[in-house]
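**Student:**
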Amino acid sequence: MTPLQRVGRWIGDHLVLALGVLVIVYLVVPIAIVALMSFNDSSGSRNVYKFQEFTVSNWANPCKPEGLCDAVSTSIQIGLLATIVATTLGTLAAFALARHRFRGRSGANMLIFLPMASPEIVMGSSLLALFVAAGFGGQLGFWTIFIAHVMFCLSFVIITVKARLSGLDDNLEQAAMDLYATEAQTFWRVTFPLVFPGILAAALLSFSLSFDDFIISNLNAGQTVTFPMFVWGAAQRGVPMQVNVIGTAMFVIALALVLAGGWNQRRRATAKAA
Amino acid sequence: MRGRLTGYWLFAPAALWLALFFAVPLYSLVATSLFDPDGSVLTGYDVAWAFGNFPDAISEYWRPLVRSLVYAGIATAICLVLGYVLAYAIAFKAGRWKNLMLVLVVAPFFTSFLVRTLSWKLILADDGWIVNTLQFVHVLGDDGRLLATPVAVVAGLTYNFLPFMVLPLYAALEKLDPRLIEAASDLYASPARAFWKVTWPLSRPGVVGGVLLTFIPAAGDFINAELLGSPNERMVGNVIQNLFTTTGDYAAAGALSVTLMLIIVAMVVAYARTSSTEDLV
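In order, the protein sequences belong to chains G and C.
Note that the working numbering numbers the first sequence so that position 103 is 103, with each residue one more than the last.
In the working numbering, each residue's number is its place in the second sequence (first place is 1) plus 1000.
#1: List the residues of chain G that VAL1103(C) touches, going by C-beta distances under 9 Å, in chain order.
#2: Beta-carbon within less than 7 Å of ALA254(G)'s beta-carbon, same chain only, minus the 5 sequence neighbours each way: which residues are those?
#3: Give me the Cα-Cα distance between SER1028(C) and ALA133(G), rounded to the nearest whole angstrom.
#4: Name the two residues that bound the continuous alpha helix (DSSP H) containing TYR26(G).
#5: Take TYR1084(C) as the anchor and find which of PHE1109(C), GLY1209(C), SER1059(C) and ASP1143(C) has the nearest alpha-carbon.
#6: Express the C-alpha separation of ILE1123(C) and GLN1135(C) in angstroms, rounding to a whole number.
#7: Going along the chain, which residues of the region 231-244 of chain G sit with their C-beta nearer than 9 Å to a C-beta in chain C?
#8: Taking C-beta to C-beta, are SER206(G) and VAL258(G) nearer than 8 Å?
#9: What residue range is occupied by the uninterrupted alpha helix (DSSP H) comprising TYR1170(C)?
#10: With DSSP collapsed to three states, give me the class of VAL239(G).
#11: According to DSSP, simplified to helix, strand and coil, what is ASN61(G)?
#12: Look at the alpha carbon of GLY1007(C) and the alpha carbon of LEU97(G), and state the distance between them as a whole number of angstroms.
#13: On the criterion of 16 or more Cβ atoms from any shown chain inside 10 Å, does ASP212(G) qualify as buried, or is it exposed?
#14: Using the Cα positions of PHE230(G) and GLN236(G), report the straight-line distance between them to the nearest angstrom.
#15: Would you verify that the beta carbon of GLY12(G) is, or is not, closer than 8 Å to some beta carbon of chain C?
#16: So who's on the other strand from PHE54(G), going by DSSP bridges?
#17: For LEU19(G), decide whether its Cβ has a neighbour in chain C, counting only Cβ atoms nearer than 8 Å.
#18: Considering just the uninterrupted stretch of the alpha helix (DSSP H) at GLU173(G), what are its terminal residues?
#19: Just how far apart, CA to CA, sit MET1001(C) and HIS100(G)?
#20: Just to confirm before moving on: does the CB-CB distance between PRO228(G) and TRP1120(C) stay below 8 Å?
#21: How is the alpha helix (DSSP H) around ARG164(G) delimited, first residue to last?
#22: Report the three-state DSSP secondary structure of PHE1222(C) (helix, strand or coil).
#23: Which same chain residues end up closer than 7 Å to ALA1091(C) when comparing Cβ atoms and leaving out the 5 residues on each side of it in sequence?
#24: Under 8 Å, Cβ to Cβ, is there at least one residue of chain G near PRO1064(C)?
#25: Quick one: is LYS64(G) near chain B, going by C-beta distance under 8 Å?
#26: Report the three-state DSSP secondary structure of PHE214(G) (helix, strand or coil).
Shown next, in the form of structure tokens:
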């Protein structure tokens, strides 16, 4: 390789990485701005999209704007319930698809794939059409949102858990059986612990999808207000800075969970190697 | 031994939920789209097989419909370029920073979609540094702005759906054996030729997955258009949402929603013919 080629190579190698880092910056800057604005004192100004003055009062009084904390609490309740139901049903379905042969698998795959390939506005409006046709038009609220959230979380749970299952080395299960473990013992001592990280990831994904959903929830919410719906309503008048506090807190909690998960996995790997 | 029916029993609850609350509603939506347009929420609706709802809705709302497809198409194209660079960098160049970069790619999911989108109002604000810089270099006129323009809406869409492009691309590139690229250059392929003949074709499943996962939600989105655009940037999602919740014109809303779904299904089928659903799921 001539020196010139070598310089070209070096630039080529590092240019891609540098451009990649720029794209990451594009992804991360808005989050940094949310965090920054959570410390903004907007009381003196009508422009809530500009940093005026530093304050910690938004963090000290996160519930000050009327309805904000009610909306957050509604979102958390729906999120937890939808996560539990979607993760349970989805995990069972993933086992069925990965471990059992049954007829109609291509139909089953279609049923799982289609919700991910449908625009939310279509899913939301068709659910609304169903509820209205079934005479529940007046009872839209907590439970209709819950039903919708389980529906759109299911596909994501199924593919996440299924991916973990199909990446699993079934020699370990064979070994357990060879050592006279019963089928139940094999499942609870070997299979389940190995699949568990996948189930946990699916649950986290479900919760964040549910907590963050606006389009489908808004169509099926009736008078109930979730956190994204609160933000939407507030955006027409100028959002209170506490919304950024919630956004930042969510980010920190989720990041901590993911980092803890990664750290735990690495610790186990080193423990195994030692 | 495992019973022959176990698979069915395990799959049944999820299948039932999806059938009842995804498949049946699609049927209700189609029924709604054929409602007698003279009905109202108060007097009730009859399914009148009013196929006329479709040409009526399309002739009235073709602009937002086309706009949605154009904005989503542009955003998807930009996402593909940015996403490919990023996924390539993570898969082949990041070294020990790989995991950190992957966490940063999904980091936007850790906080609220709406709150993040609102922060673009600040980034693109009329007296923000981006607008000031663009005015300084005369890309924008002195009173030119970015907010309430198609640029802001497409920027928002690109930002919001970029991770959906990066992840499938990364998954495809990660599986690619770098020795194949080395082999191509050993055989005197230029880097560009090696890319187009080896890397790109092998990453195709990721490209297909990423394009679908980006384009579909972007075409149905109305949050970016509402928060970052003006009524001139209104997308079909805004119209459907308003017709359902504010106007109460279910027939037109249903017809428009079914139209959007049909357009997307047609595009997906045309585009994804090469890969089966088994590959996608």
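Note that beta-carbon positions come from the ideal geometry of N, C-alpha and C, so glycine has one too.
**Tutor:** Straight from the coordinates:
#1: One finds LEU255, VAL258, LEU259 and GLY262 in chain G with Cβ atoms closer than 9 Å to the Cβ of VAL1103(C), taken in chain order.
#2: Its chain contains SER208 as the residues whose beta carbon lies nearer than 7 Å to that of ALA254(G), once the 5 sequence neighbours on both sides are disregarded; these appear in chain order.
#3: Going from the Cα of SER1028(C) to the Cα of ALA133(G) covers about 7 Å.
#4: Counting along the chain, the alpha helix (DSSP H) containing TYR26(G) begins and ends at 3-37.
#5: Checking every option, the nearest Cα to that of TYR1084(C) belongs to GLY1209(C).
#6: Taking the straight line joining both Cα atoms gives about 15 Å.
#7: So the list reads VAL231, TRP232, ALA235, VAL239, VAL243 and ASN244, given in the order they occur along the chain.
#8: With contacts defined as CB atoms closer than 8 Å, SER206(G) and VAL258(G) fail to qualify as a contacting pair.
#9: Counting along the chain, the alpha helix (DSSP H) containing TYR1170(C) begins and ends at 1150-1175.
#10: In the displayed model, VAL239(G) falls within coil according to three-state DSSP, outside both helix and strand.
#11: When DSSP states are grouped into helix, strand and coil, ASN61(G) belongs to the coil group.
#12: The C-alpha of LEU97(G) is placed about 7 Å away from the C-alpha of GLY1007(C).
#13: So ASP212(G) ends up on the buried side.
#14: PHE230(G) and GLN236(G): Cα-Cα distance of roughly 10 Å.
#15: Closer than 8 Å to some Cβ of chain C, the Cβ of GLY12(G) qualifies, so yes.
#16: PHE54(G) pairs with ASN40(G).
#17: Yes, because at least one Cβ of chain C sits closer than 8 Å to the Cβ of LEU19(G).
#18: Its alpha helix (DSSP H) spans residues 171-178.
#19: Low local confidence applies: a pLDDT of 42 at MET1001(C) is under 50, so the model's placement there is unreliable, with the coordinate-based value given in what follows. Cα to Cα, the separation comes out at about 12 Å.
#20: In this structure, PRO228(G) keeps its C-beta atom at 8 Å or more from the C-beta atom of TRP1120(C).
#21: Note, ARG164(G): alpha helix (DSSP H), 142-166.
#22: In the structure shown, PHE1222(C) sits in coil (DSSP, three-state: anything other than H, G, I, E or B).
#23: So the qualifying residues of the chain are TYR1170, LEU1173 and GLU1174.
#24: No, PRO1064(C) lies away from the interface with chain G (no Cβ there is under 8 Å from its Cβ).
#25: The structure shown contains no chain B; the protein chains it does contain are G and C.
#26: Reduced to three states, the DSSP call for PHE214(G) is coil.
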